[in-house]
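Asker: Take the sequence shown: its position 256, counted from the start at 1, is 253 in my numbering, and no numbers get skipped.
Every residue gets a Cβ at the ideal spot worked out from N, C-alpha and C, and that includes glycine.
Computed from a prediction, not measured in an experiment: that's the story for all the values here.
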Amino acid sequence: ILNIDYLKSTFNSLASNPISSSETFVYGTSGFRMHNEKLDIPLFATCLITFLRTLYCGEFIGIMITASHNPPQDNGFKTIEPKGEMLPQSWEKYVTSIANSVKEDQFDTFLNTFFVIASEALKDVDIYNKDIKIIVGRDTRESSYRLVTFCKQFFNSVVKIFQKSVNFIDYGVVTTPQLHFIVRKHTLLKQSNKYDLPKEYFNEFFQPFINILNKSTHSKFKKLYIDCANGVGAVQLNQLKESFKNKTDKLEIELINTDYKDFSKLNVDCGADFVKTNQKLPQGVSPALAMNPENLFCSLDGDADRIIFYALDENSNFCLLDGDRMATLIGEYFIKKTPKNFWEDIKLGIVQTAYANGNSTSYITEELKLDVKCAKTGVKNLHHDAVENFDVGIYFEANGHGTVIFNDLFITKLKQENLTELSLFVNLINQAVGDAITDMFVIVAILIHLDINAKTWFSKYTDLPNRLVKCVVPDRTQFKTFDFERQLSKPEGLQDSINQIVSAPNSSKKTRSFVRASGTEDVVRIYAESSSMESVDAVITEVLKAIEDATT
Ligand code: G16
């Protein structure tokens, strides 16, 4: 029914920028992501795949338009499965081949690829009895509205010829985790009408948080400052802030970097990625404010799926409380709030990535005595490993992206043992996906329950000095990794050079460095850690030189 000419004319009516023949589209760590003007082809491919996927599943499929931590001119999108998961890997391959089969003047190859894939993917599916059900959401970027309109028109147009009705629900400006949450809710409750999303989401997670706050008898901090990265967090948390005032006097919240209407400010000098990478305070937080132990600080990223906490100590040293710190704090909390024999038949463990600080891993195994697994970058990989390996799996990337998942075995035991505090606490967790807002509730609740402040939390272990830098290379797709991205197989010889650099005679035993291509930006990332900052910087300089030698 969908013929080439029809799809071609649909594309031509939707595309607003010329097709470049040289572009390689990568469905990376978090879907397609690049300068917004280059996104017509990958978005068309994503709409086609979403169309197939909703027919395949017979359920709602979500499309989130966001480039999260990337600069304001970038944009991107990823699809969300009926129960809130990411697109299956086999379908990632489909969407990548469709997007990359187009070359200038050769739109037919693109569509032929689509038809081959469609007949393979839907070969055993009765598509005539399935409805087309799409949910979209977007971040605050200037280009996001145009991209949502593209999706809407695509489905209107395709549906016209397909003679099916489409249920297209646009949730407007929402956080990425909120969209995951609502897609899942539509599926589980078989709901076809639009929800009041903020109300549903906050009822689910905010009310349990308020209950915990109001039950608390002591707290080491009075005020929570939330840096919204001038993104969607500001839109959503503004509503929350009002409810805070009415429902509790235990904690005051103050939002900073909330100017989402000035598109150029998104993620600039603020937000989780800025704080983590630069290891310094975001714009809007003065050193004097950050030194006051009665204040607690956190930064969200542009689409509010990651969070980083921080403080300044009495000597003005920056104390970064990143994903590693959140994972270890949550691990410690589970251990402290359960009797010793609780974990005899239930597996509690932590999943990290290569970016985890070496001392955090030692702390997990030596102090907390928990199992730790390493996964490839991308929350989808960590989530998978947490489900596969643990009954209670805590997973966090060092950049602050993560959550906790638990199964029925744990919930049953929780009830049997009558652990009331922990039972209240688990209601705060968004198990579907890493979520900055619910992670914020989780961490604040733990700090209150353990009666500690950011300084005590930071003192649990000492990070190895470390740095993460980016490097532009002629073609990042040439960088191939193995061993959970800790080693390179290509470019030829580069890993040998890195091995030599980190094992130089004057180097500490703790020195470690790796290089991997980013899946969200057109760069490679270089990470190094060692026993001193001087040594880290020396390693980074030498690795940068080795990359240059290997790529020119
Ligand atoms: C995305 C992913 C994260 C990943 C980050 C950086 O975050 O969801 O899992 O750590 O990109 O990935 P890469 O190093 O491959 O560029 P976000 O917050 O940008 O969606």
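Extract the residue ranges of the beta strand (DSSP E) inside the segment 155 to 194, only unbroken runs of 3 or more that lie entirely within it.
Answerer: 163 to 170
Asker: Apart from the five residues just before and just after E394, which ones in its own chain have a Cβ nearer than 6 Å to its Cβ?
Answerer: Within the sequence shown, the letter at position 397 stands for residue 394. If we look at E394 and ignore the five residues flanking it on each side, its Cβ neighbours are G320 and T350.
Asker: Which class does R143 belong to by DSSP, given the choice of helix, strand or coil?
Answerer: Here residue 143 corresponds to residue number 146 of the sequence shown, with the count starting at 1. Residue state, collapsed to three classes: helix.
Asker: Would you say the segment 209 to 227 touches the segment 246 to 265, given that touching needs at least three Cβ pairs under 8 Å?
Answerer: yes
Asker: To test your reading of the DSSP string, which unbroken beta strand (DSSP E) runs of 3 or more residues are found completely within the segment 26 to 50?
Answerer: 29 to 32
Asker: Tell me whether the segment 464 to 473 and the segment 327 to 339 touch, counting them as touching only if at least three CB pairs, one residue from each stretch, are closer than 8 Å.
Answerer: With a cut-off of 8 Å, the segment 327 to 339 and the segment 464 to 473 do not count as touching, because too few Cβ pairs lie within range.
Asker: For the segment 427 to 436 against the segment 383 to 403, do three or more pairs of beta-carbon atoms, one drawn from each stretch, fall closer than 8 Å, so that the two count as touching?
Answerer: yes
Asker: Pairs of beta-carbons, one from the segment 114 to 123 and one from the segment 74 to 86, closer than 8 Å: are there three or more?
Answerer: no
Asker: Exposed or buried, which one is I571 when buried takes at least 16 other CB atoms within 10 Å?
Answerer: For residue 571 there is no data in the structure shown, the boundaries of the chain being -2 and 549.
Asker: Could you tell me which of K373, D388 and R322 sits nearest to D342, measuring between CA atoms?
Answerer: Locating residue 342 in the sequence shown gives position 345, where the first residue counts as 1. Ranking the options by Cα distance to D342, first place goes to D388.
Asker: For N396, is the beta carbon positioned less than 7 Å from some heavy atom of ligand 1?
Answerer: Residue mapping note: residue 396 aligns to position 399 of the sequence shown, counting from 1. Checking the Cβ of N396 against ligand 1 gives yes.
Asker: Please return the same chain residues whose Cβ sits closer than 8 Å to the Cβ of L293, not counting the five positions on each side in sequence.
Answerer: For the purposes of this step, residue 293 is taken as residue 296 along the sequence shown, with counting starting at 1. Answer for L293: F218, K220, L221, Y222, F306, A308, V441, L444, N450 and A451, listed in chain order.
Asker: Kindly give me the distance between the Cβ atoms of G228 and N264, rounded to whole angstroms, as I take these residues to be in contact under 8 Å.
Answerer: Numbered from 1 along the sequence shown, position 231 holds the residue referred to as residue 228. Numbered from 1 along the sequence shown, position 267 holds the residue referred to as residue 264. Between N264 and G228 the Cβ distance is about 7 Å, and since that is below 8 Å, they are a contact.
Asker: At the level of alpha carbons, what is the spacing between H177 and S500?
Answerer: Numbered from 1 along the sequence shown, position 180 holds the residue referred to as residue 177. Numbered from 1 along the sequence shown, position 503 holds the residue referred to as residue 500. One C-alpha to the other measures close to 44 Å.
Asker: Does the structure place the segment 475 to 492 close enough to the segment 525 to 535 that three or more beta carbon pairs sit under 8 Å?
Answerer: no
Asker: Kindly list the residues whose CB is nearer than 7 Å to the CB of F107, restricted to its own chain and excluding five residues on each side of it in sequence; keep chain order.
Answerer: For the purposes of this step, residue 107 is taken as the residue at position 110 of the sequence shown. Closer than 7 Å at the Cβ level, and outside the excluded window around F107, lie I95, S98 and V99.
Asker: When DSSP labels each residue in this structure, what does S296 get in the three-state scheme?
Answerer: Within the sequence shown, numbered from 1, the residue matching residue 296 stands at position 299. Looking at S296 - three-state DSSP - the assignment turns out to be strand.
Asker: At the level of alpha carbons, what is the spacing between E291 and D256?
Answerer: Counting from 1 along the sequence shown, the entry for residue 291 is found at position 294. Counting from 1 along the sequence shown, the entry for residue 256 is found at position 259. So the two alpha carbons sit approximately 26 Å from each other.
Asker: Consult DSSP for I449 and reduce its assignment to one of helix, strand or coil.
Answerer: Here residue 449 is taken as the residue at index 452 of the sequence shown, counted from 1. I449 falls in the coil class under three-state DSSP.
Asker: Going straight from the alpha carbon of S504 to that of N200, what length do you get?
Answerer: Your numbering for residue 504 matches position 507 in the sequence shown. Your numbering for residue 200 matches position 203 in the sequence shown. When rounded, the distance between both Cα atoms is 53 Å.
Asker: With a threshold of 7 Å, establish whether the CB of T517 neighbours any heavy atom of ligand 1.
Answerer: One-based indexing of the sequence shown puts residue 517 at position 520. Answer for T517: yes, Cβ within range of ligand 1.
Asker: Does the separation of the CB atoms of V180 and I304 fall below 8 Å?
Answerer: Start at 1 with the first residue of the sequence shown, and residue 180 comes out as number 183. Start at 1 with the first residue of the sequence shown, and residue 304 comes out as number 307. Cβ distance not < 8 Å, so V180 and I304 don't count as in contact.
Asker: Apart from the five residues on each side of it in sequence, which residues of its chain come closer than 8 Å, Cβ to Cβ, to K35?
Answerer: To locate residue 35, count along the sequence shown from 1; it is residue 38. Cβ within range, chain order: N14, S17 and E20.
Asker: On the three-state DSSP scale, how would you describe N14?
Answerer: Locating residue 14 in the sequence shown gives position 17, counting from the first residue. Residue state, collapsed to three classes: coil.
Asker: Output the distance between the C-alpha atoms of N126 and N72, rounded to the nearest integer angstrom.
Answerer: The residue given as residue 126 occupies position 129 in the sequence shown. The residue given as residue 72 occupies position 75 in the sequence shown. Their Cα atoms are separated by approximately 34 Å.
Asker: What are the boundary residues of the alpha helix (DSSP H) that D472 is part of?
Answerer: The residue you call residue 472 lines up with position 475 of the sequence shown. Neither: D472 is in no alpha helix (DSSP H) and is coded neither H nor E.
Asker: Compute every distance between the C-beta of S505 and the non-hydrogen atoms of ligand 1, then say whether any falls below 7 Å.
Answerer: Along the sequence shown, read from residue 1 onward, the residue named residue 505 stands at position 508. Not under cutoff, so the answer is no.
Asker: Identify the continuous alpha helix (DSSP H) that holds T548 and give its terminal residues.
Answerer: Position 551 of the sequence shown, counted from the first residue, corresponds to residue 548. M530 to T548 is the span of the alpha helix (DSSP H), which, as asked, contains T548.
Asker: Which complete alpha helix (DSSP H) runs does the segment 378 to 453 hold, if anything under 4 residues is left out?
Answerer: Those alpha helix (DSSP H) runs which fall completely within the segment 378 to 453 and span 4+ residues are 405 to 414, 417 to 423 and 433 to 447.
Asker: Considering only heavy atoms of ligand 1, does any lie closer than 7 Å to the CB of H66?
Answerer: Looking up residue 66 in the sequence shown gives position 69. For ligand 1, at least one heavy atom lies less than 7 Å from the Cβ of H66.
Asker: Hey, R513 and E482 are a contact pair by Cβ (cut 8 Å); roughly how many whole angstroms apart?
Answerer: The sequence position of residue 513 within the sequence shown is 516, counting from 1. The sequence position of residue 482 within the sequence shown is 485, counting from 1. Between E482 and R513 the Cβ distance is about 5 Å, and since that is below 8 Å, they are a contact.
Asker: At a threshold of 7 Å, does I322 count as lining ligand 1 (C-beta to nearest heavy atom)?
Answerer: For this step, residue 322 is matched to residue 325 along the sequence shown. Correcting the residue identity first, residue 322 is Arg in this sequence and not Ile. No, the Cβ of R322 stays beyond 7 Å of every heavy atom of ligand 1.
Asker: With 16 as the cutoff for other CB atoms within 10 Å, does A285 come out buried or exposed?
Answerer: Numbered from 1 along the sequence shown, position 288 holds the residue referred to as residue 285. Exposed.
Asker: Based on the DSSP secondary-structure assignment, which residues constitute the bridge partners of F306?
Answerer: Locating residue 306 in the sequence shown gives position 309, counting from the first residue. Answer is C295 and L318.
Asker: Rounded to whole angstroms, what's the CA-CA distance from L144 to I62? Just pull it up for me.
Answerer: Taking the sequence shown and counting its residues from 1, one reaches residue 144 at position 147. Taking the sequence shown and counting its residues from 1, one reaches residue 62 at position 65. The alpha-carbon atoms of L144 and I62 are separated by roughly 7 Å.
Asker: Under three-state DSSP, which class holds V229?
Answerer: In the sequence shown, counting from the first residue as 1, residue 229 sits at position 232. Note: V229 maps to helix in three-state DSSP.
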